[in-house]
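For the first sequence, the residue numbers in full-length UniProt numbering are 1 to 424. Even glycine gets a Cβ: it sits at the ideal position worked out from N, Cα and C. Every value quoted in this text rests on a predicted model; they were computed, and no experiment measured them.
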Amino acid sequence: MAVFALIDGNNFYASCERVFNPSLNNVPIVVLSNNDGCVIARSNEAKSFGIKMGAPYHEMKQLIIDNGVKAFSSNYTLYGDMSARMMETLSSFSPDIEVYSIDECFLGLKGFSNFELTSYGQTIRQTVKQHIGIPCCIGIAPTKTLAKVANRYAKKNPETQGVMLLVDEDIRMFVLQRTEVEDIWGIGRQYREKLKAKNINTAYQLSKMPQDWAKTHLGGVVGERLVLELNGYSCIDLETIQEPKKNIAATRAFGKVVTEERDISEALSYHISRATEKLRDQKSVAKIVTFFFHSNPFSKVYPFFKVWRSIELPTASSDPCKFNNAVQAMLKKCFKQGVRYHKCGVILQEINPALNVQSDLFSNLDTDKSKSLLATVDKLNKRFGRGVMKFASSGMEKSWMTQANLISGHYTTNWQDLLKVKTG
DNA sequence: TCTGGGGTCCTAGGACCC
DNA sequence: TCTGGGGTCCTAGGACCC
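As structure tokens, this is what we get:
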């Protein structure tokens, strides 16, 4: 029988902030999305004040002030680095690890007895807390979907001490009966409504539905697998190898309203260099670049306006200049004056390994010269920080740049931000 | 005034082929 | 009235995830 453990950092971003600022312990905190737009992480105290996940910051502001909640801009440099450290510690507990997201991973656990599994879970938890400083919860079960359920149960019920084992049949049924259908991995808003309408409210009720029914009502094979997994039949394997991305996007809302073509042009150039950097990191090339820019979709005063264009290069590339030349030429043709722009971005598609690029008649392949130039740029930016080397076309002033007014230090990646210990 | 960013997979339906 | 059968490929859109 397969055994999966799902390990998940509690309120991960909020916990990262606390690791380097202990005065935040027991203080309610929230972390905001890019541009300080929405609340995307909350400490338990903040949750208890009714601050909703994903809610606009400006709507929550009063609640935040009234309850003395500390708010932070998101600090992905810090969270990404803390995540890498956590995953490294976790990988010492099993050779089979799937990093599922910035704060979650699945471990394959074979060959332990049930009793050992629970205490092994406790060991994992304590080690992560000791090495990284992040509290986490662990769900252990014969399928990934059940491991998710178990993890959630552990988080909600302190008596579990953060570890829930969901192998025994009676325990499985007991927990499924106490799990709302919308809390299952794979059930989102649409399916929740559909299920509630049919009076299916708990995970247990869903697990009793016939496979065919799940197939017609919950997105085909996806729904079929979901029901099987709830019943303990493992259908979703551990993915221990990180596949290269098939799409790479770089998009951002502007820090303030933008009306000038020049600002859009700079921002697109900036996003192209970010996106192609990710592309080169995974040693890929892309053939298609899509770019867009649009006004504020939430505006009640102005109509929504959006431009969306795709361009296919003659040969796949990872050279930002090639993408940028194509995009800038097209931008000139489709920019519209008199619109209050809110956001823009680029998406790279038709991504393949850099090794098997087909040359064409006119040989538009990336030259060795441009490749070594870009390799040097990447190296410098990695060593000295993003933006040390950049393209002049992405601008110097960057009045359109995203806001991050409440950001904490880059404690683990910047010497200036290293914590100081006071002695004596 | 102020509402994120980055992904995946699956299906249905149309175009097209023999 | 009644208009084959079987296949592939592509795309748009829907659903989900963190």
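Pull up the DSSP beta-bridge partners for residue i, would you.
{"i": "D8", "result": "E104, C137"}
{"i": "F112", "result": "Partner(s): none; F112 has no beta bridge."}
{"i": "residue 489", "result": "No statement about residue 489 is possible, as the shown extent of the chain runs from 1 to 424 and does not include it."}
{"i": "A71", "result": "V30"}
{"i": "L146", "result": "Paired residues: none, contrary to the question."}
{"i": "A267", "result": "According to DSSP, which records beta bridges pairwise, A267 is partnered with nothing at all."}
{"i": "H294", "result": "K306, K343"}
{"i": "S284", "result": "P353"}
{"i": "M164", "result": "G139"}
{"i": "V257", "result": "Paired residue(s): none; V257 is not in a bridge."}
{"i": "I248", "result": "L348"}
{"i": "E98", "result": "F106"}
Do residue j and residue i come within 8 Å of each other at the CB atom, strictly closer than that value?
{"i": "K148", "j": "L6", "result": "yes"}
{"i": "S94", "j": "L117", "result": "no"}
{"i": "C334", "j": "R309", "result": "yes"}
{"i": "V346", "j": "A286", "result": "no"}
{"i": "M86", "j": "V19", "result": "no"}
{"i": "C137", "j": "Y79", "result": "no"}
{"i": "A41", "j": "F12", "result": "yes"}
{"i": "I184", "j": "T145", "result": "yes"}
{"i": "residue 427", "j": "T123", "result": "The first residue shown for the chain is 1 and the last is 424, placing residue 427 beyond what the model contains."}
{"i": "C38", "j": "P56", "result": "yes"}
{"i": "K278", "j": "I236", "result": "no"}
{"i": "H131", "j": "T89", "result": "yes"}
{"i": "Y204", "j": "M173", "result": "yes"}
{"i": "L374", "j": "R280", "result": "yes"}
{"i": "S318", "j": "F304", "result": "no"}
{"i": "S370", "j": "S269", "result": "no"}
{"i": "V30", "j": "V69", "result": "yes"}
{"i": "T202", "j": "E180", "result": "yes"}
Please check the pair residue i and residue j, which I expect to be a contact at CB under 8 Å, by giving their CB distance rounded to whole angstroms.
{"i": "I51", "j": "I65", "result": "So it is not a contact: roughly 11 Å between Cβ atoms."}
{"i": "I407", "j": "K246", "result": "The pair is not a contact, with the Cβ atoms about 31 Å apart (cut-off 8 Å)."}
{"i": "D103", "j": "G9", "result": "4 Å"}
{"i": "V175", "j": "Y191", "result": "The Cβ separation is near 20 Å, so there is no contact."}
{"i": "P244", "j": "S273", "result": "Actually they do not touch by this definition, with Cβ atoms about 19 Å apart."}
{"i": "G162", "j": "E266", "result": "With 8 Å as the limit, G162 and E266 do not qualify as a contact, their Cβ atoms being about 47 Å apart."}
{"i": "R340", "j": "T251", "result": "The pair is not a contact, with the Cβ atoms about 18 Å apart (cut-off 8 Å)."}
Report yes or no: do three or more beta-carbon pairs, one from the stretch 400-419 and one from the stretch 33-49, lie closer than 8 Å? A contact exists between the stretch 400-419 and the stretch 33-49.
Kindly confirm or deny that the stretch 279-293 and the stretch 313-322 touch, where touching means at least three C-beta pairs closer than 8 Å. yes
Decide yes or no for the touch test of the stretch 299-316 against the stretch 381-393: beta carbon pairs closer than 8 Å, at least 3 of them. no
Residue ranges of each alpha helix (DSSP H) within the stretch 310-389, 4 or longer: If we require 4 residues or more, the alpha helix (DSSP H) runs fully inside the stretch 310-389 come out as 320-334, 368-384.
Are at least three pairs of beta-carbons, each pair with one atom in the stretch 223-233 and one in the stretch 196-215, less than 8 Å apart? yes
Taking only runs that begin and end inside the stretch 144-224, name each unbroken beta strand (DSSP E) of 3 or more residues, in chain order. 163-165
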